[in-house]
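Protein chains in written order, with our numbering: chain A, 13 to 82; chain B, 1028 to 1164.
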Amino acid sequence: MGTIRNEIRRLRFEHGEMTQQQLAEKIHLTRQTVNAIEQGKYSPSLEAAFRIATVFGEPLERVFHYSSEE
Amino acid sequence: MSFREKTAWISLLSMAGIYGVYFWSVIKAGPQAGGFHSGKLLGTIIALVVVQVVLNIAVAIFAPNEAKAPRDERDKLIELRAMRFAYAGLATGIAFACFFGAFNPPIVFNTNALLFILVTAEIMRCACQIVQYRRGA
Chain A
13 MGTIRNEIRR
23 LRFEHGEMTQ
33 QQLAEKIHLT
43 RQTVNAIEQG
53 KYSPSLEAAF
63 RIATVFGEPL
73 ERVFHYSSEE
Chain B
1028 MSFREKTAWI
1038 SLLSMAGIYG
1048 VYFWSVIKAG
1058 PQAGGFHSGK
1068 LLGTIIALVV
1078 VQVVLNIAVA
1088 IFAPNEAKAP
1098 RDERDKLIEL
1108 RAMRFAYAGL
1118 ATGIAFACFF
1128 GAFNPPIVFN
1138 TNALLFILVT
1148 AEIMRCACQI
1158 VQYRRGA
């Protein structure tokens, strides 16, 4: 099984210290879901991942990183 | 704690408490007691509906935005996993009920046993949702 890491926390900070609630409202998810994604406890759907990347104006691969464990 | 987790707690605790009282009274009456305890069951269902409606309204008052928001993809996934878990419990319970039903116990006992299995499956569903919300899932 691989792991998906993300840069959401850093990107939120770089975008005017956007709160989890503000991000959640922009991408139509709950704050708890944003928190779970940020902590790597929940992997978002592809659509949600694209919405997150769009909010930060970054390509998907600069927001989410996949590493496979051999 | 999210609004969805609170509603799962309300469902779990109210069902465990209110149906617990009902099943305890059925057990005390014994399997040979006549009738389906229909009065008690009706009272149980009414009490459950009232308690759940009141508590859910109370929770929604304190978090109106969360209450109005539709379930997101994680809520739906958690719900699906919980349903799968509860279905396994329900199917197992029904299989046991069919097996023991072959020994021809009184019909009132059988009906309450099926109700018990249904309530247990519902409690399992709520418990599974709570565990997943606690873990972050």
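Just so it is clear, CB atoms sit at the ideal spot from N, CA and C, and this is done for glycine as well.
Interface annotation, Arg1101(B): in contact with chain A, CB-CB separation under 8 angstroms.
Ser1029(B) is positioned such that its CB atom lies closer than 8 angstroms to that of Thr42(A). Remark: C-beta atoms of Glu70(A) and Asn18(A) do not approach each other more closely than 8 angstroms.
The beta carbon of Gly1044(B) does not come within 8 angstroms of any beta carbon belonging to chain A, so the residue lies off that interface. For Ala48(A), the neighbours in chain B by C-beta distance under 8 angstroms run, in chain order, Arg1101, Gly1163, Ala1164.
Three or more pairs of CB atoms, one per stretch, sit closer than 8 angstroms, so the segment 1151-1163 of chain B contacts the segment 1109-1124 of chain B.
Judged by pairs of C-beta atoms under 8 angstroms, the segment 53-62 of chain A touches the segment 1088-1108 of chain B, as three or more such pairs exist.
A distance of 8 angstroms or more separates the beta carbons of Ala1085(B) and Ile1045(B). Only exposed fits Gln33(A), as fewer than 16 other CB atoms lie within 10 angstroms of its CB.
With contact defined as three or more Cβ pairs closer than 8 angstroms, the segment 1030-1045 of chain B and the segment 1066-1081 of chain B are in contact. Following the DSSP letters along the chain, one finds Phe76(A) inside the beta strand (DSSP E) bounded by residues 76-79. Contacts between Ala1096(B) and chain A, judged by CB atoms closer than 7 angstroms, involve Thr42 in chain order.
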